[in-house]
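Some notes on the structure that comes next.
In this note's numbering, the protein residues as written are 775 to 1201.
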């Protein structure tokens, strides 16, 4: 069935009452396992492209359920295919598996004590973004749906992805490599769903049609001047001062050059390196930063403006600037029609009063790579305990990031119902 035909279906949830009841009966039977898996993964976090233990845990579980399993996708990715007993479409569900180079400060019995080498540095390793919860919940969804195999009208593809946080320097990985290695083929999904834990109240769901999370691109600017003594700056060309002017110039792109009514734009310089001694003006300064946008045309325009701003400011002072922009994840774009049809499912799972529109989020997600090929919806699951102000808790990527496990039944039900309702609506 085409997406246009799908839009005519009254709702995803209305077509699947019997299977939905079976999902709700099975979820409580797997919740304790989901909690145990999550704590095990949390205590043994692995950095991007190094998720071997996690991948083995996932693969063994999927095989135990009689699911077809492929391992080693994009280095450590795992893909499971569950073929239902009745013909129908294909729906994909995705979870990410990697942790971050963060030293944990959360006081829980299963806190990470792991250390590893990251870009040549010894670092603590922590699931500071909740990927342990994503993996465990999708393992639970796999068990729920495998138990319903005979009645499923179609196929469910489980994608356990490495390196969502970005592959190590000099390596490939993440969703882009998963796609390149054929994760969206044989069979090709008709739709894909994913979720992310976020500091909303526990069990609440947030969604947004259209642009939802920003594109993320990194820029690297090398300003080349001419080294001289700090006491005689006129004898050289000072790249430190020029780099400072470029920083200020870049800020006018978002504030004065792009249409702020179209979509937000962010240009941030996060690193400036140059010089080795207080009285030596160096030959060069390196600047590294990020560009965030929510519109493809604006993204291209901002790239051009970053290059032009840096190059011309440097040129005006007799220096040069070399600008390299590394294109990262595109905008996470939720298919509006698919989002609208998923809404009854989310409301049935969490309760209408607990499902709300999410604001634009300037963080990025490489789930967007799948959405470039398949209609998809990416939504958010709250994990802030009752009685705690979500605005005051540690955010994702913090060493104090905390996940309330009471949200897991909602997450498992949301993904399982999304798959079942989609398959039933398209059957």
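For glycine and all other residues, C-beta sits at the position ideal for the given N, C-alpha and C. Please read all numbers here as calculations on a predicted model, not as lab measurements.
Span of the beta strand (DSSP E) around residue i
i            : result
residue 856  : 851-857
residue 870  : 860-870
residue 1108 : 1106-1108
residue 900  : Where residue 900 is concerned, there is no enclosing beta strand (DSSP E), given that its DSSP letter is neither H nor E.
residue 923  : Counting along the chain, residue 923 falls outside any beta strand (DSSP E), and DSSP gives it neither H nor E.
residue 982  : Run containing residue 982: none; DSSP gives neither H nor E here.
residue 997  : 989-998
residue 891  : 889-892
Inter-residue Cα distance where the pair is residue i and residue j
i            : j            : result
residue 819  : residue 900  : 6 Å
residue 784  : residue 959  : For residue 784, the pLDDT reaches just 41, beneath the cut-off of 50, and the residue's location in the model is therefore unreliable, leaving the point undetermined.
residue 1125 : residue 955  : 39 Å
residue 1107 : residue 1086 : 34 Å
residue 1201 : residue 1155 : 28 Å
residue 979  : residue 987  : 16 Å
residue 962  : residue 864  : 7 Å
residue 1095 : residue 1192 : 49 Å
residue 1171 : residue 1062 : 20 Å
residue 1180 : residue 914  : 14 Å
residue 798  : residue 974  : 23 Å
residue 1189 : residue 1084 : 45 Å
residue 1177 : residue 1138 : 20 Å
residue 1173 : residue 800  : 34 Å
residue 903  : residue 1105 : 19 Å
residue 905  : residue 971  : 8 Å
residue 780  : residue 1134 : Low per-residue confidence applies at residue 780: pLDDT is 34, beneath 50, and the placement is therefore not dependable enough to give any value.
residue 1147 : residue 875  : 31 Å
residue 831  : residue 814  : 10 Å
residue 842  : residue 821  : 26 Å
residue 855  : residue 909  : 16 Å
residue 982  : residue 1149 : 14 Å
residue 1003 : residue 976  : 59 Å
residue 862  : residue 1114 : 21 Å
residue 1187 : residue 1123 : 7 Å
Segment limits, alpha helix (DSSP H) that includes residue i
i            : result
residue 945  : Looking at the DSSP string, residue 945 is not in any alpha helix (DSSP H), and its letter there is neither H nor E.
residue 1146 : Where residue 1146 is concerned, there is no enclosing alpha helix (DSSP H), given that its DSSP letter is neither H nor E.
residue 760  : This structure leaves residue 760 out entirely; the chain is present only between 775 and 1201.
residue 1222 : Past the edges of the chain, shown from 775 to 1201, lies residue 1222, and the structure says nothing about it.
8 Å Cβ cutoff met for residue i and residue j
i            : j            : result
residue 885  : residue 878  : yes
residue 1005 : residue 1059 : no
residue 1119 : residue 1072 : no
residue 1080 : residue 1065 : yes
residue 935  : residue 911  : no
residue 1097 : residue 1032 : no
residue 1068 : residue 1111 : no
residue 804  : residue 918  : yes
residue 860  : residue 926  : yes
residue 922  : residue 793  : yes
Under the three-state DSSP convention, the category residue i falls into
i            : result
residue 952  : helix
residue 1003 : strand
residue 1200 : helix
residue 913  : helix
residue 841  : coil
residue 847  : strand
residue 831  : helix
residue 824  : coil
residue 1093 : coil
residue 1029 : helix
residue 939  : coil
residue 1100 : strand
residue 1039 : strand
residue 931  : strand
residue 735  : Any answer about residue 735 is impossible in this case: the structure gives the chain only from 775 up to 1201.
residue 874  : strand
Going along the chain, which unbroken runs of the alpha helix (DSSP H) with 4 or more residues stay wholly within the stretch 1041-1078? none
Continuous beta strand (DSSP E) assignments of at least 3 residues falling wholly in the stretch 1118-1182: 1129-1131 and 1150-1158
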